[in-house]
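First comes the structure, then the notes that go with it.
Protein chains: 2
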Amino acid sequence: MTEEVILLDYWPSMFGVRTRIALEEKDIKFDYREQDLCNKSALLLEMNPVHKKIPVLIHNGKPVCESLIQVMYIDETWPGKNPLLPSDPYQRAQAKFWGYFIDKMVPGLAKLMWGAKFEEQEAGKEFIEMLKTVESELGDKTYFGGETCGYVDIALIGFYCWFDAFEKYGNFSIEAECPQIIAWAKRCVKRGSVAKSLPDSDKITKLVPEIKKKKGIE
Amino acid sequence: MTEEVILLDYWPSMFGVRTRIALEEKDIKFDYREQDLCNKSALLLEMNPVHKKIPVLIHNGKPVCESLIQVMYIDETWPGKNPLLPSDPYQRAQAKFWGYFIDKMVPGLAKLMWGAKFEEQEAGKEFIEMLKTVESELGDKTYFGGETCGYVDIALIGFYCWFDAFEKYGNFSIEAECPQIIAWAKRCVKRGSVAKSLPDSDKITKLVPEIKKKKGIE
Chain B
1 MTEEVILLDY WPSMFGVRTR IALEEKDIKF DYREQDLCNK SALLLEMNPV HKKIPVLIHN
61 GKPVCESLIQ VMYIDETWPG KNPLLPSDPY QRAQAKFWGY FIDKMVPGLA KLMWGAKFEE
121 QEAGKEFIEM LKTVESELGD KTYFGGETCG YVDIALIGFY CWFDAFEKYG NFSIEAECPQ
181 IIAWAKRCVK RGSVAKSLPD SDKITKLVPE IKKKKGIE
Chain D
1 MTEEVILLDY WPSMFGVRTR IALEEKDIKF DYREQDLCNK SALLLEMNPV HKKIPVLIHN
61 GKPVCESLIQ VMYIDETWPG KNPLLPSDPY QRAQAKFWGY FIDKMVPGLA KLMWGAKFEE
121 QEAGKEFIEM LKTVESELGD KTYFGGETCG YVDIALIGFY CWFDAFEKYG NFSIEAECPQ
181 IIAWAKRCVK RGSVAKSLPD SDKITKLVPE IKKKKGIE
């Protein structure tokens, strides 16, 4: 059966990048369709009627929403190559826990980037605290998945291309606070699937003032 | 091998109830240990060092945190009786999507119950809108899981015993707004696993002013 895999995405998305990497890890060819979030396509509205957000993975006409759910779906649908989640239920639950934890960093990051001026410092502090917690889970491992780049690595790496932007608005140095995370990210970027999928950090840093302008911030 | 299953929980928790139901559905005997959240036990702090929150499922000495992850873990560890998630990856992704959506109702509900007075009305409106979206997913089905009570049913039913409290502070009628949800909840309560696990609604309604007092609200 010919697989039809479409990804509705937006290039700077730290969520979309998860799904891109998971598909690359599995060697799945997909039709990447860049979305204009100011003028949402009929397909996006039809495929994600609840949230109307990217990324949406459309597999043989059927949509899967939420990036971490997409990563799990990809792993279950194409289980052969590069397993992303551990096969042991306990280890799998631990990986899901950390994926969930990483997603809990998002509301604070939204405040840091798009919130009121007075919220920035507090949100920045909270982010660093949470990142330190994530770093303690990484410890001395090569990847969160041990020797293999897996679900938790994919959940977090999309944030990396936003680190410069976070630092600029949060007034902190992630390398000074979480050196192991930076070393880990540099290892991840050496992987083909990640290198191919991760947006350019400079392009994001340049994009941020444009988004702020559009949102009427500053 | 003798299984040792411990649940650190607090009786009114709409999250803990999920794990209780999942264990009951699988006929797993467990040692329920009520926690005093004002004076957290050494075991709770050791088993959930990141969030220090209930529920914590401890299986043969190893902790699993986050109620929906616990439900998935229970289903994967004891797959035989009453499957909670669909076996098809696509259907499973859909169930996870709705579980995730239901969890997104929580910050708004926290505002409704424990937030500032001026936030209540907005939070209440948002809750009803989200519950209507969930109701549209239920449609005419007996359960979210079709003919079987599954993951999404378990994710949502814990909210039911809080409905009276939500209505009191939100100034809405859930039955008027979402009649199919109420009919569904009444069907769920007929199930042994749910009846046995769900806290008493009246007890929760009486508890709420006490919690507000402790939190210094009103």
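These protein sequence lines are chains B and D, in that order. Sequential numbering from 1 applies to the first sequence in the UniProt record's numbering. Sequential numbering from 1 applies to the second sequence in the UniProt record's numbering. Where is the CB? At the ideal position from N, CA and C, for every residue including glycine.
When secondary structure is reduced to three states using DSSP, Val71(B) falls in the helix class. A distance of 8 Å or more separates the beta carbons of Gln35(D) and Leu68(D).
Taking 8 Å as the cut-off, the beta carbon of Phe159(D) is found no closer than this to the beta carbon of Asp153(D). Around Thr133(D), the beta-carbon contacts reaching into chain B at under 8 Å are Val50. The beta carbon of Ala93(D) falls within 8 Å of a beta carbon belonging to chain B, placing the residue at that interface.
The Cβ atoms of Trp184(D) and Leu138(D) lie closer than 8 Å to each other. At least one C-beta of chain B is nearer than 8 Å to the C-beta of Phe101(D). In the structure shown, Ile154(D) adopts helical secondary structure according to DSSP, grouped into three states. With a cutoff of 8 Å on beta-carbon distance, Tyr10(D) and Ile74(D) are scored as not near each other. Residues are counted here when their Cβ sits less than 8 Å from a Cβ of chain B; for the segment 61-82 of chain D these are Lys62, Val64, Cys65, Glu66, Ile69, Gln70, Met72, Tyr73, Glu76, Thr77, given in chain order. As a beta-bridge residue in DSSP terms, Ile58(D) pairs with Ile6(D), Pro63(D). About 5 Å separates the beta carbon of Leu84(B) from that of Gly150(B), a gap short enough to meet the 8 Å contact definition.
With a cutoff of 8 Å on beta-carbon distance, Trp98(B) and Lys26(B) are scored as not near each other. Chain-ordered listing is empty here: chain B has no CB closer than 7 Å to the CB of Pro55(D), the nearest sitting near 13 Å. Here the C-alpha atom of Ser13(D) lies approximately 38 Å from the C-alpha atom of Glu147(B).
If you ignore the 5 residues before and after Met47(D), its C-beta comes within less than 7 Å of the C-beta of Leu8, Val56, Ile58, Pro63, all in its own chain and listed in chain order.
Taking CB atoms only, Lys29(D) has no neighbour in chain B less than 8 Å away. Proximity of Tyr151(D) to chain B, defined by a Cβ-Cβ separation below 8 Å, is not satisfied. The segment 88-106 of chain B and the segment 38-46 of chain B do not touch, with fewer than 3 CB-CB distances between them shorter than 8 Å.
Under a 10 Å Cβ-count criterion, Glu66(B) is classified as buried, with 16 or more other Cβ atoms of the shown protein chains found around its own Cβ. Contact between the segment 16-31 of chain D and the segment 184-198 of chain B is absent: fewer than 3 CB-CB pairs across the two stretches fall below 8 Å. When Cβ-Cβ separations below 8 Å define contact, Phe159(D) makes no contact with chain B. In this structure, the CA atom of Gln121(B) is about 44 Å from the CA atom of Asp31(D).
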